[in-house]
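Student: Quick note: my numbering has the sequence shown finishing at residue 287, numbered continuously throughout. The beta-carbon is built from N, C-alpha and C at its ideal position, and this holds for glycine as well. The structure is given below, and queries will be raised subsequently.
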Amino acid sequence: MVVDLIGFGIVLPVLPLWAEDFGASPLQIGLLTAVYSLMQFLAAPLWGRASDRVGRRPVILVALAGSAVAALLVGFAWSLAALFVARILQGAAGASYVAAQAYVADVTTTKDRARGMGLIGAAFGVGFVLGPVI
């Protein structure tokens, strides 16, 4: 989760500048930022269902690979449309946090579950803080 969120955080501060280089309007820049969250919203139930069917680990690994591909696409985007596609993929892959939460619920006792979920929350925080710094 930390790696995924660092990738998210690295892009966020410079995303408006890249979009401006491609001639994006303020509305398009806002949409470019929002599409990540929209895709998380839409993809989270799909990742959850997939993790119930094929297992948590395969889903998490596929999503991490998707995040890596999306990060490369963001870095090498050649147009505003390519940047949108990359952000859509980033958001969809980033929705795999639901599989990570399910995995923690599966492997922890009731007593330790809150601690495990807290570690996921900490990973979010670390990723958001370290990403822009990197």
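Let me check understanding here. Comparing Cα to Cα, which of Thr261, Arg268, Tyr250, Val257 lies closest to Trp200?
Tutor: Minimum Cα distance to Trp200 is reached at Tyr250.
Student: Could you please give the first and the last residue of the uninterrupted alpha helix (DSSP H) stretch that includes Trp171?
Tutor: Here the alpha helix (DSSP H) through Trp171 covers 168–174.
Student: Ser204: buried (16+ other C-beta within 10 angstroms of its C-beta) or exposed?
Tutor: It counts as buried.
Student: Using CA atoms only, rank isn't needed, just tell me which of Arg202, Ala216, Ala276, Thr186 is closest to Leu236.
Tutor: The residue with the shortest Cα to Cα distance from Leu236 is Thr186.
Student: Would you mind reading off the limits of the alpha helix (DSSP H) that contains Ala239?
Tutor: 233–247 is the span of the alpha helix (DSSP H), which, as asked, contains Ala239.
Student: Am I right that Ala239 and Ala230 are in contact with their C-beta atoms under 8 Å? What's the rounded C-beta distance?
Tutor: Indeed they touch by this definition, with Cβ atoms about 6 Å apart.
Student: Please report how far the alpha carbon of Leu191 lies from the alpha carbon of Asp265, in whole angstroms.
Tutor: Taking the straight line joining both Cα atoms gives about 32 Å.
Student: Among Thr263, Ile273, Thr262, whose alpha-carbon lies nearest the alpha-carbon of Ile252?
Tutor: Before going further, note that residue 252 is Ala rather than Ile in the sequence given. Nearest of Thr263, Ile273, Thr262 to Ala252, Cα basis: Ile273.
Student: Please report how far the alpha carbon of Asp259 lies from the alpha carbon of Ser220, in whole angstroms.
Tutor: Cα to Cα, the separation comes out at about 24 Å.
Student: CA-CA distance, Arg202 and Leu225?
Tutor: When rounded, the distance between both Cα atoms is 27 Å.
Student: Alpha helix (DSSP H) containing Ala253: first to last residue?
Tutor: 250–260 is the span of the alpha helix (DSSP H), which, as asked, contains Ala253.
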